[in-house]
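Down below is the structure, laid out as structure tokens.
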């Protein structure tokens, strides 16, 4: 599996249906582009409501939250490489730096600026 959630909190491997694996692969390859629920459902070959229900059941979070977390993973890598937050935001698919900052703080616990400024935060996330 190529997704960011290969293991559940209990440490067991996550088992996903083929439809959800296709959607996760699509997200992982297209995270920087606008990703609609309808597009993901079509990729999975399911109705929008069935897709949303099945995705949450199998992955444990909503498709939108998963897209945001994939974007944050890539943002962390770019920030560690010295790319300015304003460029990182557009590179990973957020509307602007403020949008990145809100989601980054929610997921990581610190702002992108604090993440870059704190060497222990950078090394802990590698």
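Numbering (my numbering), first residue to last: 20 to 145. Glycine residues also receive a C-beta, built at the ideal position from the N, C-alpha and C atoms. Given the structure is predicted, the values throughout are model-derived calculations rather than measurements.
Note on residue 76: under 16 other CB atoms within 10 angstroms of its CB, so exposed under the neighbour-count rule.
Comparing C-alpha distances from residue 104 to each of 68, 61, 80 and 131 shows the shortest one belongs to 131. One thing to note: residue 86 has its Cβ no nearer than 7 Å to the Cβ of residue 43.
If only complete runs of 4 or more residues are kept, the region 23-107 shows the alpha helix (DSSP H) at 37-49, 56-63, 67-78 and 82-99, in order along the chain.
According to the DSSP assignment, residue 132 belongs to the alpha helix (DSSP H) that extends over 131-136. Under the 10 Å beta carbon count, residue 122 is surrounded by 16 or more other beta carbons and is classified as buried.
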